[in-house]
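Engineer: Structure provided below as structure tokens; questions to follow.
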Amino acid sequence: MELSIEINGERVARDVEARTLLVHFIRDTPGLTGTHWGCDTSNCGACVVLMDGTPIKSCTTLAVMCEGHEIRTVESLEVDGVLDPVQQGFHETHALHCGFCTPGMLMTARALLDQNPDPTEHEIRTAISGAICRCTGYKNIVAAIRWAAEHSRQEV
Amino acid sequence: MQTPAPFEYERATSLEGALASLQRLGPSARVIAGGHSLLPMMKLRLATPEHLVDINDLTALAFIRADGDEIAIGALTRHAELLDSELLAEHFPIFRDAENVIADPVVRNRGTIGGSLCQADAAEDLSAVCTACKAKVVIHGPGGARTVAIDDFHLGPYTTAVADGEILTEIRLPLRAAAGSAHEKLERRAGDWAIAAASVAVWMDGGIIADAGVALGAVGLTTIHLSRAEELLRGKPPSDDLIAQAGEIAASDCSPMSDGRGPVDYKRHLAGVLTGRALRRAVARALHQEA
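Going down the list, the protein sequences come from chains A and B.
Just so you know, we're using numbering that gives the first Met the number 0 here: the first sequence kicks off at 0 and counts up by one.
Just so you know, we're using numbering that gives the first Met the number 0 here: the second sequence kicks off at 0 and counts up by one.
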């Protein structure tokens, strides 16, 4: 079926099977491979993207369900060579090692800060509880999100 | 790579339209909302519907409101909305207990109460919660709406009273005086299914438990309604001894299976302990004595 979705502000259209999952549509059609395809079971959070500003797991969402909604992926964070504060925070506090969970962590963090610009450590840990990182032990990820809360885009 | 088997997709724009589609498509059609129960089942090919009717645009089915002497919850209400609802937290704090431990916040942004109940997985928390709260559910079909008691809703594992061509539209919770409720769940790790879970609601009359609702999750083939524990509690003042007796009934009246989450005797033990904890907390909330 013909499908047209807005991804990072651009219309992406393709003839797809109804069973196409959003994660594959994003990676295959516009070739935005920043969204990672991880556990495939909605457990790991590597595939998190924003749907109308709300974080969702794109491995457990049909692409056809997203028509009429705005999808935002990790590629939208950096603008004109300037990193989003959450990206800069990950850089500053060394919040990644292998990087596989990072796109999902970044989008989950972005959505948290959009809703709650000054989250406590507990609120951060709750927000990212649907995302698994096997490298960092989370401590530096929490620090990165706090760093982002304390720095505006202009300061990055 | 997990991919569902092929199916035809259509998006409903009205409840009447969705019902007409289901009627036309017959038993090979399924309703999809959040998709966080159905899509994993389809990816594992445990479910292979030939048609999906997407009801996400039926926003009139997403609400939590006081309606006379009941709280009404639309079937399309997301877990995140149930967690955030102050109305629900005030009258049925059991929902916030449960929602805090259902999957994770990102899953809760999509999954719905209607989907959870219709999945009818024995380890699904809201089925036990709604059983304890003595909920009724409203099911719409081609002939109009019918109301079904929650005890008559769950027919067996993954099987409900919602027939082909019908849609669960609403959950109704009776509001009664001096209510308290609590949900206790033990999981191996954050966001996992329960090893065992207990839901308890009580309605007090002075220092006496006038009525109680007790249900268990994850310790049988279906949600277990502990009517024997409710009979025990009815008309008695809460005491350590009474709570211990209710726990003993829970441990004996469940039928857990040994699996990766633990052996049978451990799960029976948990059913008793969690029932006791939930009962204690439900009573404390009803009496405004929660620590």
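For every residue, glycine included, the Cβ atom is placed at its ideal position computed from N, Cα and C.
What you are looking at is a predicted structure, and each value in this text was computed from that prediction instead of being measured.
Excluding the 5 residues flanking B:Leu37 on each side, which residues of the same chain have their C-beta closer than 6 Å to its C-beta?
Structural biologist: Closer than 6 Å at the Cβ level, and outside the excluded window around B:Leu37, lie Ile31.
Engineer: Quick check on this structure: which residue in B:Ile149, B:His182, B:Ile63, B:Ala46 has the alpha carbon closest to the alpha carbon of B:Thr111?
Structural biologist: It is B:Ile63.
Engineer: Which residues in chain B have a C-beta closer than 8 Å to the C-beta of A:Val47? List them in chain order.
Structural biologist: Within chain B, the residues near A:Val47 are Val105.
Engineer: Are the Cβ atoms of A:Thr72 and A:Ile25 separated by less than 9 Å?
Structural biologist: Yes, the pair counts as a contact, with Cβ atoms nearer than the cut-off.
Engineer: Are the CB atoms of B:Ala270 and B:Ala195 nearer to each other than 9 Å?
Structural biologist: Yes.
Engineer: Going by beta carbon distance, what residues of the same chain come within less than 6 Å of B:Cys129, once the five residues before and after it are set aside?
Structural biologist: Excluding positions up to five away in sequence, the list reads Ile149.
Engineer: Applying a beta-carbon distance threshold of less than 9 Å, which residues of chain B neighbour A:Asp117?
Structural biologist: What A:Asp117 touches in chain B: nothing, since even the nearest Cβ is about 18 Å away.
Engineer: Taking the C-alpha atoms as reference points, what is the distance between B:Glu226 and B:Thr158?
Structural biologist: Note that residue 226 of chain B is Ser in the sequence shown, not Glu. Cα-Cα distance, rounded: 21 Å.
Engineer: Look at the alpha carbon of B:Ala122 and the alpha carbon of A:Asp79, and state the distance between them as a whole number of angstroms.
Structural biologist: Looking at the two C-alpha atoms, the distance is approximately 48 Å.
Engineer: Taking any Cβ of chain A, which residues in the segment 54-82 of chain B have a Cβ under 7 Å from it, in chain order?
Structural biologist: So the list reads Asn55, given in the order they occur along the chain.
Engineer: If you measure between the beta carbons of A:Thr92 and A:Trp36, is that distance less than 9 Å?
Structural biologist: Not in contact: A:Thr92 and A:Trp36 (Cβ atoms no closer than 9 Å).
Engineer: Which two residues bound the contiguous alpha helix (DSSP H) that contains A:Lys138?
Structural biologist: Start and end: 138-149.
Engineer: At a CB-CB cut-off below 8 Å, which residues of chain B make contact with A:Ala126?
Structural biologist: Correct list: Pro104.
Engineer: Please report how far the alpha carbon of A:Ile4 lies from the alpha carbon of A:Pro29, in whole angstroms.
Structural biologist: So the alpha carbons of these two residues sit roughly 11 Å apart.
Engineer: Below 8 Å on the Cβ atoms is my contact criterion, and I expect B:Gly113 with A:Thr59 to pass it. Report the Cβ-Cβ distance as a whole number of Å.
Structural biologist: That belief does not hold up - the Cβ atoms of B:Gly113 and A:Thr59 are roughly 17 Å apart, past 8 Å.
Engineer: Name the chain B residues whose beta carbon is nearer than 8 Å to that of A:Glu16?
Structural biologist: Under the 8 Å cutoff, chain B gives Pro5.
Engineer: Specify the secondary structure class of B:Arg109 as computed by DSSP and reduced to three states.
Structural biologist: Coil, per DSSP.
Engineer: DSSP three-state call for B:Asp264: helix, strand or coil?
Structural biologist: Here B:Asp264 sits in helix by DSSP.
Engineer: DSSP three-state label for A:Ile131, please.
Structural biologist: Note: A:Ile131 maps to coil in three-state DSSP.
Engineer: Beta carbon of B:Leu45: closer than 8 Å to some heavy atom of the ligand ATP?
Structural biologist: This structure lacks the ligand ATP, and indeed carries no ligand of any kind.
Engineer: Taking just the CA atoms, how far does B:Ala46 sit from A:Ala165?
Structural biologist: Nothing can be reported for residue 165 of chain A, as the shown portion of chain A is limited to 0 through 155.
Engineer: Of all Cβ atoms in chain B, is any one closer than 9 Å to the Cβ of A:Ser186?
Structural biologist: The structure shown has nothing for residue 186 of chain A, since chain A only spans 0 to 155.
Engineer: Which runs of the alpha helix (DSSP H) fall wholly inside the segment 9-91 of chain B and span at least 4 residues, in chain order?
Structural biologist: Segments of the alpha helix (DSSP H) lying fully in the segment 9-91 of chain B: 14-24, 37-42, 78-83, 85-90.
Engineer: Would you please verify whether the beta carbon of A:Thr32 is less than 9 Å from any beta carbon of chain B?
Structural biologist: No, no contact with chain B.
Engineer: Would DSSP call A:Met64 helix, strand or coil?
Structural biologist: Three-state result, A:Met64: helix.
Engineer: Buried or exposed: which applies to B:Leu232, given that a residue is buried once 16 or more other Cβ atoms fall within 10 Å of its Cβ?
Structural biologist: The residue is buried, with at least 16 neighbouring Cβ atoms inside 10 Å.
Engineer: Using Cβ-Cβ distances below 7 Å, what residues of the segment 180-213 of chain B are close to chain A?
Structural biologist: Cβ contacts with chain A: Ala189, Gly190.
Engineer: Shorter than 9 Å from the beta carbon of B:Gly293 to some beta carbon of chain A?
Structural biologist: Here chain B comprises residues numbered 0 to 290, so residue 293 of chain B is not present and cannot be evaluated.
Engineer: Run down chain B in chain order and give the residues with a C-beta less than 7 Å from the C-beta of A:Pro54.
Structural biologist: Neighbours of A:Pro54 on chain B, chain order: Val105, Asn108.
Engineer: Looking at the structure shown, is A:Pro118 part of a helix, part of a strand, or coil, going by DSSP?
Structural biologist: Coil.
Engineer: Compare the Cα-Cα distances from B:Leu286 to each of B:Val201, B:Ala228, B:Asp258 and report the closest residue.
Structural biologist: Minimum Cα distance to B:Leu286 is reached at B:Val201.
Engineer: By the criterion of Cβ-Cβ separation under 9 Å, what are the contact partners of B:Leu38 in chain A?
Structural biologist: Within 9 Å Cβ-Cβ: Leu20, Ser41, Cys58, Thr59, Thr60, Leu61.
Engineer: With respect to the beta strand (DSSP E) encompassing B:Thr168, which residues constitute its N-terminal and C-terminal limits?
Structural biologist: Note, B:Thr168: beta strand (DSSP E), 166-173.
Engineer: Per DSSP, A:Glu9 forms a beta bridge with which residues?
Structural biologist: A:Glu9 is bridged to A:Ile6.
Engineer: Exposed or buried, which one is A:Lys138 when buried takes at least 16 other CB atoms within 10 Å?
Structural biologist: Burial call: exposed.
Engineer: Using the beta-carbon count (16 or more within 10 Å), is A:Ser57 buried or exposed?
Structural biologist: Buried, by the Cβ-count rule.
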